[in-house]
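Working notes, structure below.
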Amino acid sequence: MTANTRNIVILGGSYAGLSVAHYFLKHILPSLPKTFKDYHVYLIDPSTHFYHRVAAPRASVSFDLMPITKTFYDISNNFKGYKPEDFTFLRGKATGLDTTRRTVTIQHTGLDKCKETELPYHALILATGTKAHLPILSLQGGGHEEVLEALSDLHDKLACAKSIIVGGGGPSGVELAGEIGEFVNGTTRWFKQKPTRPKTQVILLCGSKKLLPVLRPALAKQAEAYLARVGVSVKYSSRIESTEKLGDGHTKLNLGNGETLVSDLYLPATGVTPMTEYIPYELLDDRGYVKTNQETLRVDEAGLRVYAIGDVGNHSRGGILDIYEAIPVLMTNLQRDLLAAHEDVNTKPTGDDRKYKKNASETQLVPIGRSKGVGAFNGNRLPTLMVHMIKGRDYLSSAAVEIVTGTKWNKQSGWKPTDGCLSGSEGEKEMLIAGTYRANR
Numbered sequence: 001m002t003a004n005t006r007n008i009v010i011l012g013g014s015y016a017g018l019s020v021a022h023y024f025l026k027h028i029l030p031s032l033p034k035t036f037k038d039y040h041v042y043l044i045d046p047s048t049h050f051y052h053r054v055a056a057p058r059a060s061v062s063f064d065l066m067p068i069t070k071t072f073y074d075i076s077n078n079f080k081g082y083k084p085e086d087f088t089f090l091r092g093k094a095t096g097l098d099t100t101r102r103t104v105t106i107q108h109t110g111l112d113k114c115k116e117t118e119l120p121y122h123a124l125i126l127a128t129g130t131k132a133h134l135p136i137l138s139l140q141g142g143g144h145e146e147v148l149e150a151l152s153d154l155h156d157k158l159a160c161a162k163s164i165i166v167g168g169g170g171p172s173g174v175e176l177a178g179e180i181g182e183f184v185n186g187t188t189r190w191f192k193q194k195p196t197r198p199k200t201q202v203i204l205l206c207g208s209k210k211l212l213p214v215l216r217p218a219l220a221k222q223a224e225a226y227l228a229r230v231g232v233s234v235k236y237s238s239r240i241e242s243t244e245k246l247g248d249g250h251t252k253l254n255l256g257n258g259e260t261l262v263s264d265l266y267l268p269a270t271g272v273t274p275m276t277e278y279i280p281y282e283l284l285d286d287r288g289y290v291k292t293n294q295e296t297l298r299v300d301e302a303g304l305r306v307y308a309i310g311d312v313g314n315h316s317r318g319g320i321l322d323i324y325e326a327i328p329v330l331m332t333n334l335q336r337d338l339l340a341a342h343e344d345v346n347t348k349p350t351g352d353d354r355k356y357k358k359n360a361s362e363t364q365l366v367p368i369g370r371s372k373g374v375g376a377f378n379g380n381r382l383p384t385l386m387v388h389m390i391k392g393r394d395y396l397s398s399a400a401v402e403i404v405t406g407t408k409w410n411k412q413s414g415w416k417p418t419d420g421c422l423s424g425s426e427g428e429k430e431m432l433i434a435g436t437y438r439a440n441r
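Heads up: the sequence shown is residues 1 to 441, going by the UniProt record's numbering.
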């Protein structure tokens, strides 16, 4: 790199970070002036592989049902088409952010784990996402090997467990319980509501009075019925206060209502934590998410040309759909900022920014086992077959390939200042393609 190089630093190599990197290299970089300054993209993540966490519920029971090749993708291999002078994948973890000096501190991982780099940025995109409490549901801030090991360990435990408790009544908990239930108990014939003698007792604990908070009560009840068909019983108003690992390997759960449960295997699917430990406290809200401009996706308090995208930002409802809608907005505003600052780094663009608008409609698809599911799109109930075809068949594996290879962003999103945000037709099309996976938040 030369003294005239301006670094575009992307922290996070999952759905959001990969999308930003590919979109920038395909569309933004070629549009920037070639005089005086060069631009270089750094994509930074502790893991060499992208984990398609949407598929975690099915991967949790068997690699035969959800192969490793459909859940883990080598990041570097999918950026070989770009010039080395334009792109670097750096395996490391952000440990500090100095918005005054405009630098990010990176602790290298892998073979260079003792090395630390202070990387200056011209533009910074925060896309480090969230981590689930259960290691199989997300990367934990380290390498993908940790998730592979956790999945293999769970496969072994499922083979021996006679009682299983899944904690959490959101989509992750329902999907996980459904996959486990069908794997260990099979499914009933159409005229039976539940197995007569299930091989394994599977309980789903829900802290509220209904499953799936985003969806209407009728769909929540349908989800309960589909869970029953694979031998999963639901206990409502059962908030977990504490857990204790017993000497015999069982887990004891103490519930808020005073009840105590003991199980061979306990799997918490009760939420996520933002991976923002490296970010100054003043840039975070009271839940630990990045305080993001709800329309432009800039992090205004961090200075010029700093942005947040995906689950890490407090603008987001979480999930692939949100990223699909946010990428065109962020990339348009990033391009405007870079063009304005090409000659003078302190110059801001004039005119209107592209604006993001959160989708607040009843839109969510939740597969339950390998053939059923419930969901709604834009407030309209979807039949179970459609939920299966869109998401449940392979848990959006084709969408994962499009994101990691960059083909999802082969076409640049057009925009005029009068457009405001994604048009209804464009946004609705993306919703349906996405399958609308959302993480519990």
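Even for Gly, the Cβ is constructed at its ideal location relative to N, Cα and C.
Residue i in three-state terms, based on DSSP
i	result
LEU408	First, the amino acid is wrong: residue 408 is Lys here, not Leu. The answer is helix: DSSP assigns LYS408 an H, G or I state.
ARG6	strand
VAL401	helix
ARG58	helix
ALA16	helix
PRO349	coil
GLY313	strand
PRO46	coil
PRO67	coil
PRO268	strand
VAL244	With the sequence shown as reference, residue 244 is identified as Glu, and Val is not the correct amino acid for it. It is a strand residue.
LYS162	coil
LEU255	strand
ARG229	helix
SER263	strand
ILE323	helix
Inter-residue CB distance, residue i and residue j (contact presumed, cutoff 8 Å)
i	j	result
THR48	SER31	With 8 Å as the limit, THR48 and SER31 do not qualify as a contact, their Cβ atoms being about 30 Å apart.
THR117	THR276	About 20 Å; that fails the 8 Å criterion.
ASN4	THR405	Rounded, the Cβ-Cβ distance is 31 Å, inconsistent with contact.
VAL147	TYR82	Actually they do not touch by this definition, with Cβ atoms about 27 Å apart.
Spatial neighbours of residue i in its chain, beta-carbon cut-off 8 Å, leaving aside the 5 residues before and after
i	result
THR88	HIS40, VAL41, TYR42, LEU43
ASP86	LEU25, LEU29, TYR39, HIS40, VAL41
ARG441	Confidence is the limiting factor: at ARG441 the pLDDT is only 32, short of 50, which leaves the residue's position unreliable and the question unanswerable from this model.
With 16 other Cβ atoms within 10 Å as the buried cut-off, status of residue i
i	result
ASN333	buried
PRO217	exposed
ILE68	exposed
THR196	exposed
ARG239	exposed
TYR281	exposed
GLU224	buried
TRP190	exposed
VAL9	buried
PHE36	exposed
THR260	exposed
ARG229	buried
SER398	exposed
VAL345	exposed
PRO417	exposed
Residues near residue i in its chain [Cβ-Cβ closer than 7 Å; skip 5 each side]
i	result
THR347	ALA340, ALA341
ASN7	HIS40, TYR42, LEU119, PRO120, TYR121, HIS122
LYS210	PRO217, ALA220
LEU215	GLU362, GLN364, VAL374, ALA376
Cut-off 6 Å between Cβ atoms - residues of its own chain near residue i, not counting five sequence neighbours on either side
i	result
PRO274	THR130, GLY288, TYR289, VAL312
GLY142	PRO46
ALA132	SER138, VAL272
HIS108	GLY92, LYS115
THR296	ASN333, ASP353
THR384	LYS372, GLY373
SER233	ILE203
LEU246	LYS252
ALA16	ALA127, ILE309, GLY310, ILE323
C-beta contact flag for residue i and residue j at 9 Å
i	j	result
LEU97	LEU212	no
GLU165	LEU227	Before going further, note that residue 165 is Ile rather than Glu in the sequence given. For ILE165 and LEU227, no; Cβs fall outside 9 Å.
GLY310	GLY12	yes
LYS168	PRO57	Here the sequence assigns Gly to residue 168, which means Lys is not the residue at that position. It is not a contact, given that the beta carbons lie outside the stated cut-off.
SER237	LEU253	no
ASP394	LYS358	no
LEU298	VAL306	The amino acid occupying residue 298 in the given sequence is Arg; Leu does not appear at that position. Yes; because the gap between Cβ atoms is below 9 Å, this pair is in contact.
residue 442	THR99	Only positions 1 to 441 of the chain appear in the structure, and residue 442 is not among them; the question remains open.
residue 444	GLN222	There is no way to answer for residue 444, as the model of the chain reaches only from 1 to 441.
VAL184	GLY231	yes
LYS235	THR200	no
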